[in-house]
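**Student:**
Residue numbers (our numbering): 13 to 477.
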């Protein structure tokens, strides 16, 4: 092995598992300075990882776990041999929404008749919110975080549930509070359990924790900020106050809805080619466009339609997708058009107005943001002052639409290392590597008694399996 040191982040991310690394540029590289470290990534794509997060929550496949762990070990060793570097003893593992669930649970204390809430009773309830009490709550899966609402739920005189910050002195039959539990996927829990030789060797973080550190500026760190990450299949969203994670949730909605909408739209044009010449009329009245959108949205994709055109055939149109209307004049609307694909992305004589694509993009993303907002704002404490938005598609103006829906400033995330934009690195990878090269990590690393040139924590396989 060479003399240079390297830091390792194993990321169970939104699009699979990857090894992210920072290599010291020389033997005496200074911690904390990104210019002293070269960052990179290796995607772990193998049969062992296929459908890993999709495996049933109630099933643990020991053979599969062993195969995944072996694959990780082989990739780590191969990388070290190729680059002539030694990894430090501490590895950062980051977990995205692919690998955890958010379970909601309301806690309530009821009585037969109305009673006045006293200060002593509130002290007892606050005591029940303590971490050791919450972690004793029976839930499926390993609990890794929990969030309690600062609001209390009570019944008012009309037997309606209301939320208050301070219920002392109020009369009610029921007093309670809401809790969100974040639980790790059982397969991942078992994998990490096998991988750990010493607690200090692996540090586990939620991806959003590292994303926020990497993407937020000073004002966002000091204020109340929402971080929204949109992928194909789901959206993960969290709320931060003074850099402390206050709320985390996810919904199984994402860019897949937009891709399927474009597919339906293309099929509509293929089945009715006259739309290429007539879609200008849809711009004339807003109700025309609304009816057209509703019709396409409800259109069923039959087996015959799938033979005519696949979803993948329409992916190139996403490059022109925008959430803002740049050209709204009749002249631009009439001639600003994009070619529609045929089977296997062949060229056709059909075209579609760029305005139509913008309209459909806006409506789909508007619905997505509204669903996130409604979920997030069930508790008033989740209302942020600003938004950091990550989106796996380069949708033009998506941050403007988010700002419009949430009625607060929103910015699109930009991932940087050493001041340069890095499209190859995820924000969670950058945040994890920044954490690993931080000056305080040097001290923590020297306190780990056992040093290794490679991770050999897989020796416990015989015991585990």
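All residues carry an ideal CB built from backbone N, CA and C; glycine is no exception.
Between which residues of its own chain and residue 127 is the CB-CB distance below 8 Å, once the five residues before and five after are set aside?
**Tutor:** Counting from 1 along the chain shown, the entry for residue 127 is found at position 115. So the qualifying residues of the chain are 183, 184 and 185.
**Student:** Check residue 302 in the structure and name its three-state DSSP category.
**Tutor:** As a working note, residue 302 is residue 290 in the chain shown. If DSSP states are grouped into helix, strand and coil, residue 302 belongs with the helices.
**Student:** Tell me residue 21's beta-bridge partners as DSSP assigns them.
**Tutor:** As a position in the chain shown, residue 21 is number 9, starting the count at 1. Note: residue 21 sits in a beta bridge opposite 32 and 104.
**Student:** Where does residue 92 land, buried or exposed, given buried means 16+ other C-beta within 10 angstroms?
**Tutor:** Residue mapping note: residue 92 aligns to position 80 of the chain shown, counting from 1. Burial call: buried.
**Student:** Using 9 Å as the threshold, is the C-beta distance between residue 119 and residue 188 below it?
**Tutor:** Residue numbering aside, residue 119 sits at position 107 when the chain shown is read from its first letter. Residue numbering aside, residue 188 sits at position 176 when the chain shown is read from its first letter. Yes, these two residues count as a Cβ contact at 9 Å.
**Student:** Residue range of the alpha helix (DSSP H) that residue 111 falls in?
**Tutor:** In the chain shown, residue 111 corresponds to position 99, counting from 1. Note, residue 111: premise wrong, no alpha helix (DSSP H); not H, not E.
**Student:** Please name the residue or residues paired with residue 122 in a DSSP beta bridge.
**Tutor:** As a working note, residue 122 is residue 110 in the chain shown. According to DSSP, residue 122 bridges with 186.
**Student:** Between which two residues does the alpha helix (DSSP H) carrying residue 359 extend?
**Tutor:** As a working note, residue 359 is residue 347 in the chain shown. It is not in any alpha helix (DSSP H) - residue 359 instead sits in the beta strand (DSSP E) that spans 359-365.
**Student:** Tell me, please, whether the stretch 356-368 touches the stretch 379-392 by the rule of three or more beta-carbon pairs shorter than 8 Å.
**Tutor:** Touching, no, given that fewer than three Cβ pairs across the two stretches are closer than 8 Å.
**Student:** Determine the DSSP secondary structure at residue 211, reduced to helix, strand or coil.
**Tutor:** Translated into the one-based positions of the chain shown, residue 211 becomes position 199. Only weak support exists for where residue 211 lies, its pLDDT of 49 falling under 50; the value from the coordinates is given anyway. Residue state, collapsed to three classes: helix.
**Student:** Ignore the nearest five residues each way along the sequence and tell me which others in residue 444's own chain have a CB closer than 8 Å to its CB.
**Tutor:** Looking up residue 444 in the chain shown gives position 432. Only 21, 23, 32, 104, 106, 217 and 222 meet the Cβ criterion.
**Student:** Under the DSSP definition of a beta bridge, which residues are partnered with residue 192?
**Tutor:** Numbered from 1 along the chain shown, position 180 holds the residue referred to as residue 192. DSSP output for residue 192 lists 116 and 159 as bridge partner(s).
**Student:** Is residue 178 helix, strand or coil when you go by DSSP?
**Tutor:** Residue mapping note: residue 178 aligns to position 166 of the chain shown, counting from 1. Here residue 178 sits in coil by DSSP.
**Student:** So what's residue 483 in DSSP terms, helix, strand or just coil?
**Tutor:** Summary: the structure shown does not reach residue 483, with the chain confined to residues 13 through 477, and so no result is reported for it.
**Student:** Would you tell me roughly how many angstroms separate the C-alpha atoms of residue 290 and residue 299, rounded to the nearest one?
**Tutor:** As a working note, residue 290 is residue 278 in the chain shown. As a working note, residue 299 is residue 287 in the chain shown. In a straight line, the C-alpha of residue 290 is about 16 Å away from that of residue 299.
**Student:** Under three-state DSSP, which class holds residue 61?
**Tutor:** Along the chain shown, read from residue 1 onward, the residue named residue 61 stands at position 49. Residue 61: helix per DSSP, three-state reduction.
**Student:** Measuring CA to CA, which of 88, 414 and 284 is closest to residue 364?
**Tutor:** As a working mapping, residue 364 is identified with position 352 in the chain shown. Ranking the options by Cα distance to residue 364, first place goes to 284.
**Student:** Based on the DSSP output, what are the partners of residue 261 in its beta bridges?
**Tutor:** For the purposes of this step, residue 261 is identified with residue 249 of the chain shown, where counting begins at 1. Residue 261 pairs with 249.
**Student:** Kindly identify the DSSP beta-bridge partner or partners of residue 371.
**Tutor:** Here residue 371 refers to the residue found at position 359 of the chain shown. The partner list for residue 371 (beta bridge, DSSP) is empty, contrary to what the question assumes.
**Student:** Across which residues does DSSP place residue 127 in a beta bridge pair?
**Tutor:** The residue labelled residue 127 in the question sits at position 115 within the chain shown. According to DSSP, residue 127 bridges with 184.
**Student:** What is the DSSP secondary structure of residue 222, reduced to helix, strand or coil?
**Tutor:** If you number the chain shown from 1, residue 222 lands on position 210. Helix.
**Student:** When DSSP builds the beta bridges, which residues end up paired with residue 353?
**Tutor:** The residue you call residue 353 lines up with position 341 of the chain shown. Paired residues: 359.
**Student:** Considering only the beta carbon of each residue, do residue 250 and residue 260 sit closer than 9 Å?
**Tutor:** Indexing the chain shown from 1 puts residue 250 at position 238. Indexing the chain shown from 1 puts residue 260 at position 248. Closer than 9 Å, so yes.
**Student:** Classify residue 143 as helix, strand or coil using the three-state DSSP reduction.
**Tutor:** On the chain shown, residue 143 is found 131 positions in, with the first residue counted as 1. Three-state DSSP puts residue 143 in a helix.
**Student:** Give the C-beta separation of residue 368 and residue 294 to the nearest angstrom, bearing in mind that I take them to be a contact with Cβ-Cβ under 8 Å.
**Tutor:** Locating residue 368 in the chain shown gives position 356, where the first residue counts as 1. Locating residue 294 in the chain shown gives position 282, where the first residue counts as 1. That pair is a contact at about 7 Å.
**Student:** Do residue 352 and residue 433 come within 9 Å of each other at the CB atom, strictly closer than that value?
**Tutor:** On the chain shown, residue 433 is found 421 positions in, with the first residue counted as 1. On the chain shown, residue 352 is found 340 positions in, with the first residue counted as 1. Cβ atoms of residue 433 and residue 352: not closer than 9 Å.
**Student:** Grouping DSSP H, G and I as helix and E and B as strand, with all else coil, what is residue 97?
**Tutor:** Taking the chain shown and counting its residues from 1, one reaches residue 97 at position 85. The answer is coil: DSSP assigns residue 97 none of H, G, I, E or B.
**Student:** When you compare the CB positions of residue 38 and residue 16, do they come within less than 9 Å of one another, or not?
**Tutor:** Locating residue 38 in the chain shown gives position 26, counting from the first residue. Locating residue 16 in the chain shown gives position 4, counting from the first residue. Result yes, Cβ atoms of residue 38 and residue 16 sit closer than 9 Å.
**Student:** Could you tell me the distance, in whole angstroms, from the CA atom of residue 327 to the CA atom of residue 350?
**Tutor:** For the purposes of this step, residue 327 is taken as residue 315 along the chain shown, with counting starting at 1. For the purposes of this step, residue 350 is taken as residue 338 along the chain shown, with counting starting at 1. Cα to Cα, the separation comes out at about 13 Å.
**Student:** Using only the alpha-carbon positions, how far apart do residue 404 and residue 123 sit?
**Tutor:** Here residue 404 refers to the residue found at position 392 when the chain shown is read from its first residue. Here residue 123 refers to the residue found at position 111 when the chain shown is read from its first residue. Their Cα atoms are separated by approximately 50 Å.
**Student:** Would you please state the rounded distance, in angstroms, between the beta carbons of residue 84 and residue 56? I believe it to be under 8 Å.
**Tutor:** For this step, residue 84 is matched to residue 72 along the chain shown. For this step, residue 56 is matched to residue 44 along the chain shown. About 7 Å separates the two Cβ atoms, so the contact holds.
**Student:** Distance check for residue 167 and residue 138, CA to CA, integer angstroms please.
**Tutor:** In the chain shown, counting from the first residue as 1, residue 138 sits at position 126. In the chain shown, counting from the first residue as 1, residue 167 sits at position 155. Those two C-alpha atoms are separated by around 19 Å.
**Student:** Hey, could you find the ends of the beta strand (DSSP E) residue 50 is sitting in?
**Tutor:** As a working note, residue 50 is residue 38 in the chain shown. Unbroken beta strand (DSSP E) run through residue 50: 49-56.
**Student:** Return the bridge partner residues of residue 334 from the DSSP annotation.
**Tutor:** As a first step, residue 334 must be located in the chain shown, where it is residue number 322. Its beta-bridge partners are 408.
**Student:** May I have the straight-line CA-CA distance separating residue 136 from residue 148, to the nearest angstrom?
**Tutor:** Counting from 1 along the chain shown, the entry for residue 136 is found at position 124. Counting from 1 along the chain shown, the entry for residue 148 is found at position 136. Cα to Cα, the separation comes out at about 17 Å.
**Student:** Where does residue 39 fall in DSSP's three states?
**Tutor:** Counting from one through the chain shown, the residue named residue 39 turns up at place 27. DSSP places residue 39 in coil when its eight states are reduced to three.
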